[in-house]
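K.L.:
With positions in the sequence shown counted from 1, the corresponding number in this note's numbering is that position plus 519.
Glycine included, every Cβ here is placed at the ideal spot set by N, Cα and C.
Only a predicted model underlies this, so the values are computations on that prediction, with no experimental measurement involved.
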Amino acid sequence: MSNTKILVTGATGQLGRLVIQSLLKRLAADTIIAGVRDPARAADLAALGVEVRAVDYSKPEMLAAAFAGVDRLLLISSSEVGARAAQHRNVVDAASKAGVGLLAYTSLLGGETSPLPLKAEHVATEDYIRASGLPFVLLRNGWYLENYNGFIPSALDHGVVAGAAGEGRISAAARADYAEAAALVLTEGVAHAGQIYELAGDTAFTMTEWAAALSAASGKPVRYHDMTEADYRALLVQVGLPAPVADLLSSSDAGAAKGGLFDDSGTLGRLIGRPTTSLATVLKAAVV
Ligand SMILES: NC(=O)c1ccc[n+]([C@@H]2O[C@H](COP(=O)([O-])OP(=O)(O)OC[C@H]3O[C@@H](n4cnc5c(N)ncnc54)[C@H](OP(=O)(O)O)[C@@H]3O)[C@@H](O)[C@H]2O)c1
Numbered sequence: 520m521s522n523t524k525i526l527v528t529g530a531t532g533q534l535g536r537l538v539i540q541s542l543l544k545r546l547a548a549d550t551i552i553a554g555v556r557d558p559a560r561a562a563d564l565a566a567l568g569v570e571v572r573a574v575d576y577s578k579p580e581m582l583a584a585a586f587a588g589v590d591r592l593l594l595i596s597s598s599e600v601g602a603r604a605a606q607h608r609n610v611v612d613a614a615s616k617a618g619v620g621l622l623a624y625t626s627l628l629g630g631e632t633s634p635l636p637l638k639a640e641h642v643a644t645e646d647y648i649r650a651s652g653l654p655f656v657l658l659r660n661g662w663y664l665e666n667y668n669g670f671i672p673s674a675l676d677h678g679v680v681a682g683a684a685g686e687g688r689i690s691a692a693a694r695a696d697y698a699e700a701a702a703l704v705l706t707e708g709v710a711h712a713g714q715i716y717e718l719a720g721d722t723a724f725t726m727t728e729w730a731a732a733l734s735a736a737s738g739k740p741v742r743y744h745d746m747t748e749a750d751y752r753a754l755l756v757q758v759g760l761p762a763p764v765a766d767l768l769s770s771s772d773a774g775a776a777k778g779g780l781f782d783d784s785g786t787l788g789r790l791i792g793r794p795t796t797s798l799a800t801v802l803k804a805a806v807v
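1. Using a Cβ distance threshold of 8 angstroms, determine whether the segment 574-589 contacts the segment 682-695, with at least three qualifying pairs required.
2. Could you check whether His-641 and Ser-626 sit closer than 8 angstroms to each other, using their CB atoms as the reference points?
3. Less than 7 angstroms separating the Cβ of Tyr-663 from some heavy atom of ligand 1?
4. Compute the beta-carbon to beta-carbon distance between Ala-548 and Ala-587, rounded to the nearest angstrom, for a pair I have assumed lies under 8 angstroms.
5. Please work out which residues of its chain come closer than 8 angstroms, Cβ to Cβ, to Ala-583, disregarding the five sequence neighbours upstream and downstream, and give them in chain order.
6. Determine the direct distance from the alpha carbon of Val-656 to that of Gly-568, and round the result to whole angstroms.
7. Would you call the CB atoms of Leu-628 and Gly-774 closer than 8 angstroms?
8. Starting from Glu-717 and walking both ways along the beta strand (DSSP E), at which residues does that stretch end?
9. Just list the residues that DSSP pairs Ala-573 with in beta bridges.
10. Taking 6 angstroms as the limit between beta carbons, can you name the residues of its chain near Asp-721, skipping five residues before and five after?
11. Can you tell me whether Glu-599 is buried or exposed? The criterion is at least 16 other CB atoms within 10 Å of its CB, across all chains shown.
12. Give the DSSP-derived three-state secondary structure of Gly-532 in the structure shown.
13. Ligand 1 heavy atoms versus the CB of Ile-648: any closer than 7 angstroms?
14. So for Ile-595, helix, strand or coil by DSSP?
15. In the DSSP assignment, the alpha helix (DSSP H) including Ile-791 goes from what residue to what residue?
16. Do Val-801 and Glu-699 come within 8 angstroms of each other at the CB atom, strictly closer than that value?
17. What residues are listed by DSSP as bridge partners for Asn-660?
18. Between which two residues does the alpha helix (DSSP H) holding His-677 run?
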């Protein structure tokens, strides 16, 4: 294991930084490579002894060099919705050329069965990875609990949070828990090859329950107001969100209403060997 090199892409992103932190608890820093678009933003990681390499999914010519000598690679899905499938193909092609021994990919809970429109690029990437012949692991992540933190200030100001998730149960988990699972898979390596992990929080909540949990954490009354997908989209645009973001949030809520963000397999907790972080814990940290 000591010579095994692990590269994490998107390492200056929120999930990527947590994966690197989790790897550093398990492995020597000089076995870890942070793949980043802008190495200047990874000076703190370099100071810890982590090698920093330039990795831009949209620049295939740089990827082959970036992956030289890499045994295990975590492809963190790009945040550039719409451009992702092509970007991910570049990464998979370069990983194949470099002879990477294990490719892990952060996909979407449910994969091809997900009702979320967001699934298209993830399914395309999963298919491309399967066809590449590379040993792979699919980390099908559910929603982050932190996705809802951005709603907290306005929910506390107005006493209401809006959405289109209906009574859909949402098995969200903390980003750090998904990161720990990814780090564990990368550390243990080929034992996980071929696995498809549906990863989600141990406990699910409806948005009505999310509002109640926020009330409990803050001491202020908050209720959930359910809307149609179209009305919620219009509201998000009205409060200033760009149309593509409003589309993403409203269509994801509609998918949640259909149960697309629910999972009760307990896989994430089993992988990390402890209960997943609760909604109350994340809200408590967010409201202080
Ligand atoms: N499960 C969920 O609830 C959920 C929610 C939101 C997003 N996601 C997905 O999960 C991913 C990780 O989540 P996160 O919270 O860490 O998101 P994030 O903080 O936005 O990080 C996204 C990472 O992707 C990198 N990236 C974007 N375009 C790239 C490109 N062309 N080449 C190389 N790297 C590129 C970014 O690089 P820079 O650091 O240089 O910007 C960043 O490091 C997201 O990108 C998205 O696909 C999941």
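P.N.:
According to the data block:
1. no
2. yes
3. yes
4. Not confirmed; about 19 angstroms, so no contact.
5. Ala-613, Lys-616, Ala-617
6. 27 angstroms
7. no
8. 715-718
9. Val-555
10. Gly-788, Pro-794, Thr-795
11. exposed
12. coil
13. no
14. coil
15. 786-791
16. no
17. Leu-627, Leu-718
18. 671-677
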